[in-house]
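Protein chains: 2
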Amino acid sequence: MEKDTLDPWGTSAVKNYERLQSEFGIAPVGPLVKRFKKPSPHMSRGIDFGQRDLALIADAVENNKPYAVMSGIKPDGAFHLGNKMTADDMIYFQSLSKKAKVYYAIADVEAYADNGISFAESSKTALRNVADILALGLDPEKAVVYKQSEEIRVMKLSTIFSKGVTNNMLKAIYGERQIGLYMSALVQAGDILMPQLPEFGGPKPVLVPVGADQDPHIRLTRDLAVRYQSDFGFIPPSAVYHRLELALTGGYKMSKRVPESGFTLDDSAVEASRRVRIAFTGGRDTVEEQRRLGGRADVCPVYDLYRFHFAHDDEHVKLVYHECTEGIRLCGECKQEAIGLVKGFLEEHHKRRDSLMADAKELLARSRKYLMSAGTQ
Amino acid sequence: MEKDTLDPWGTSAVKNYERLQSEFGIAPVGPLVKRFKKPSPHMSRGIDFGQRDLALIADAVENNKPYAVMSGIKPDGAFHLGNKMTADDMIYFQSLSKKAKVYYAIADVEAYADNGISFAESSKTALRNVADILALGLDPEKAVVYKQSEEIRVMKLSTIFSKGVTNNMLKAIYGERQIGLYMSALVQAGDILMPQLPEFGGPKPVLVPVGADQDPHIRLTRDLAVRYQSDFGFIPPSAVYHRLELALTGGYKMSKRVPESGFTLDDSAVEASRRVRIAFTGGRDTVEEQRRLGGRADVCPVYDLYRFHFAHDDEHVKLVYHECTEGIRLCGECKQEAIGLVKGFLEEHHKRRDSLMADAKELLARSRKYLMSAGTQ
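Residue numbers (my numbering), protein chains in the order written: chain A, 1 to 377; chain B, 1 to 377.
Here is the structure:
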């Protein structure tokens with residue numbers, strides 16, 4: 001039997017999400033959904049399929065206790081649909097409580113080391129990326145954004161962690177890798193655990209919304225949290241896992257590395273429309289067959305566009321699924337509708353984002369000031 | 001034939017310094033000594049036995065060009081004789097030019113990660129360590145001292161370097177090690193190359209005075225300097241290597257981990273005297289034999305005390321050697337003289353250091369201000 005592999009640096013194919021639960025101990029989200037008054041579209045549409053310790057976040061919301069939501073981006077280009085997935089979760093969980101705080105890391109050192117992107121260029125890209133998340137709904141009053149190149153606490157933690165892990169522990173989680181990737185993993189563990197340092201109010205639940213393929217980082221960080229519990233009082237971080245979006249070019253994972261497999265929030269409506277128009281679908285070989293057998297929405301990246309991002313609401317998603325699988329809607333008309341939605345979204349997003357550039361700048365400046373004044377321990 | 005191994009984290013035994021030259025490409029110091037107007041005691045006594053690119057430093061001195069001298073300490077205890085060896089070299093090379101600048105790293109993150117020493121405790125120890133180097137003659141006007149926990153540039157560099165090395169490259173230099181040690185090595189490379197960043201005036205010769213066992217770090221850093229030359233313009237760092245001092249307890253290397261094998265600059269004159277009194281020597285089994293055959297100064301740690309640290313001058317070292325090997329002086333009287341010198345040194349050092357604590361504090365504060373105002377690139 002073929003095994004699903006989880007490779008945060010590769011093109012992980014996850015074909016069986018249920019199996020991740022038994023193999024890696026990712027718990028289902030289902031039983032917890034009712035604890036959230038207004039479940040997110042990701043929850044109600046089954047996109048967030050798994051979690052670890054999400055109950056801690058539900059508890060914090062119910063008891064009005066502080067918690068953090070941690071995420072970040074490598075500023076190596078425009079915000080793509082995968083980034084939007086994570087951002088949507090981050091923004092949803094931020095919205096649930098006045099006591100929620102988002103920590104958002106800009107991995108500019110990684111961008112330099114991996115992609116040769118200068119720090120000046122990263123700064124520009126990061127500013128745009130931050131404007132993107134503001135346009136998607138981030139509340140800047142409950143958010144701190146930091147650059148990896150300026151945050152010594154993360155580096156301190158990762159150096160400390162490098163002494164606490166063994167090569168065998170890393171190999172068991174990631175397989176045999178070059179030291180640079182192991183180092184990235186330790187830096188990410190530093191990012192995830194930083195919000196629990198004394199200068200940020202000490203131990204608290206921290207939720208990390210991620211794609212299923214990022215689970216190795218979560219497992220490593222949870223291990224490290226336990227290992228350094230007596231020193232820092234860390235609570236192992238919680239995680240919520242979203243499904244990976246199907247590639248427009250076919251295949252199990254939309255990837256930044258294959259631009260045509262998706263699009264970015266910088267792409268023009270025209271270009272994004274083109275990619276949708278030529279996309280792989282779950283359609284049948286002939287119209288006759290499709291009318292008779294129905295389309296295969298479950299393997300269709302165009303259906304994923306509706307479900308993951310652009311449908312008006314849950315009813316709309318259901319309708320598309322129903323019409324597709326019953327052979328009522330054909331791929332051409334379905335794509336046409338999707339293109340309309342994508343266009344509308346992008347045009348609106350571009351306008352909003354442009355109007356939020358000054359706010360993004362302010363958020364970055366305010367965060368920097370806050371982080372510099374937060375005493376190091 | 002037994003091979004010398006160079007293990008910066010172990011208790012390297014170097015039995016044949018000449019062989020290091022052929023095996024690892026460490027060049028002899030001898031031919032360069034005449035380029036320094038007033039050679040250091042380490043040079044004139046053959047303690048500094050090897051070098052890499054030391055000519056670059058001689059050039060800089062002669063041409064009145066800027067150069068840096070880089071060293072540091074892990075604040076896990078008192079300043080011991082090995083630290084003094086490195087400090088003596090550092091201070092000598094600082095003294096040669098107005099354009100020399102010392103960069104001194106306090107590895108407090110390592111002290112925490114390896115030895116569980118709190119950052120507050122490290123701060124106190126570091127202050128004392130800095131007073132030690134001031135008492136030994138460091139010119140604070142040409143020195144910058146920084147803590148690893150506060151210097152993001154070093155961490156940035158080490159993260160970048162972690163992507164540029166392969167596991168095989170690290171294995172070839174250090175053997176198979178845990179990732180924490182590899183990470184330490186990359187951090188040290190960051191320390192050594194930091195003085196060449198634009199905010200510190202850009203590429204320049206940097207001299208690192210080290211014990212022979214630290215050569216792997218120098219080789220790694222020189223490799224990295226070449227690898228990142230097009231990005232940073234790095235000049236591969238120069239190094240000067242001193243012999244390892246024989247252990248008072250017998251054996252080829254005095255070690256911090258075996259306190260009785262040496263003493264620290266915090267030890268009382270009484271305690272240090274006790275250790276010298278019971279020290280292993282190069283003496284013969286009987287007085288008669290020693291009178292007839294002479295002592296073995298070359299394997300005697302008490303002779304090393306004279307030669308490495310406490311003799312009045314080079315003539316004094318020669319005299320002790322001559323009297324020992326000719327059977328003129330016996331171990332008892334030799335130890336008695338050494339004890340007098342050690343006592344005199346420690347009592348004087350303690351007085352000086354105590355009077356320099358405020359200066360040490362000031363140097364740390366001034367350095368911190370300087371480093372924070374030096375723009376990051």
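C-beta: ideal position from N, C-alpha, C; glycine also.
The structure displayed is predicted, hence computed values, not measured ones.
Under the three-state DSSP convention, the category residue i falls into
i: LEU193/B; result: helix
i: GLY251/A; result: coil
i: LEU96/A; result: coil
i: ALA125/A; result: Looking at the sequence itself, residue 125/A is Thr, so the reference to Ala does not match. In the structure shown, THR125/A sits in a helix (DSSP, three-state: H, G or I).
i: TYR67/A; result: strand
i: GLY30/B; result: helix
i: ILE235/B; result: coil
i: LEU6/B; result: coil
i: VAL299/A; result: helix
i: ASP114/B; result: helix
i: ILE278/A; result: coil
i: PRO41/B; result: helix
i: VAL109/B; result: helix
i: PHE119/B; result: helix
i: ARG24/B; result: Residue identity check: residue 24/B is Phe in the sequence provided, not Arg. PHE24/B falls in the helix class under three-state DSSP.
i: ARG291/B; result: helix
i: ARG222/A; result: helix
i: PRO216/A; result: helix
i: THR376/A; result: Any reading at THR376/A must be qualified, since the residue scores a pLDDT of 48, below 50, and its modelled position is unreliable; the value itself is stated next. Coil at THR376/A, not helix or strand.
i: VAL258/A; result: coil
i: ARG227/B; result: helix
i: ASP285/B; result: coil
i: ASP88/B; result: helix
i: ASP59/B; result: helix
Cross-chain neighbours of residue i in chain B, by beta carbon under 7 Å
i: SER162/A; result: ILE179, GLY180, MET183
i: ALA113/A; result: THR159, ILE160, LYS163
Spatially closest choice to residue i from the options, by CA coordinates
i: ARG19/B; options: LEU220/B, SER230/B, ALA212/B; result: ALA212/B
i: LEU363/B; options: ALA143/B, TYR17/B, GLY77/B, GLU271/B; result: ALA143/B
i: VAL270/A; options: GLU347/A, ARG257/A, THR221/A, GLU245/A; result: GLU347/A
i: ASP355/A; options: VAL29/A, ALA131/A, LEU32/A, TRP9/A; result: Reading off the sequence, residue 355/A comes out as Ser, not Asp. When only C-alpha atoms are compared, the closest one is ALA131/A.
i: GLN94/A; options: PRO140/A, LYS74/A, LEU56/A; result: PRO140/A
i: LYS124/A; options: LEU371/A, ALA358/A, ALA374/A; result: ALA358/A
i: GLY82/A; options: ARG368/A, LYS101/A, LEU244/A; result: LEU244/A
i: HIS309/A; options: HIS242/A, TYR252/A, ARG219/A; result: HIS242/A
i: LYS101/B; options: GLY175/B, MET372/B, SER367/B; result: SER367/B
i: PRO385/A; options: ALA111/A, GLY50/A, PHE280/A; result: Outside the displayed range of chain A (1 to 377) lies residue 385/A, so it cannot be described from this structure.
i: GLY190/A; options: ILE160/A, VAL299/A, ASN168/A; result: ILE160/A
i: ALA87/B; options: ILE235/B, ALA338/B, PRO209/B, LYS74/B; result: PRO209/B
i: PRO379/A; options: LEU54/A, GLN196/A, TYR104/A, GLN336/A; result: Since the first residue shown for chain A is 1 and the last is 377, residue 379/A is missing from the structure and cannot be characterised.
i: CYS324/B; options: ILE235/B, TYR182/B, GLY295/B, GLY72/B; result: GLY295/B
i: LEU197/A; options: LEU181/A, LYS156/A, LYS163/A; result: LYS156/A
i: ALA78/A; options: TYR146/A, TYR228/A, ALA126/A; result: ALA126/A
Opposing strand residues paired with residue i [DSSP bridges]
i: THR264/B; result: HIS80/B
i: HIS242/A; result: ASP48/A, GLY211/A
i: TYR17/A; result: Its beta-bridge partners do not exist; DSSP assigns none.
i: TYR103/A; result: MET70/A, VAL144/A
i: VAL206/B; result: ALA68/B
Neighbour list for residue i in chain B, Cβ cutoff strictly below 9 Å
i: VAL302/A; result: Going along chain B, no residue has its Cβ under 9 Å from VAL302/A, so there is no contact; the nearest lies around 37 Å.
i: VAL109/A; result: MET155, LYS156, THR159, ILE160
Under 7 Å by beta carbon: chain A residues contacting residue i
i: ASN167/B; result: GLN178, ILE179
Partners in chain B for residue i, counting only beta-carbon separations shorter than 8 Å
i: VAL187/A; result: THR159
i: LEU170/A; result: ILE179
Continuous alpha helix (DSSP H) assignments of at least 4 residues falling wholly in the region 301-374 of chain B: 301-304, 314-325, 331-355, 357-373
As an exercise, report each continuous alpha helix (DSSP H) stretch of at least 4 residues that is fully enclosed by the region 129-200 of chain A, in chain order. 152-164, 167-174, 179-193
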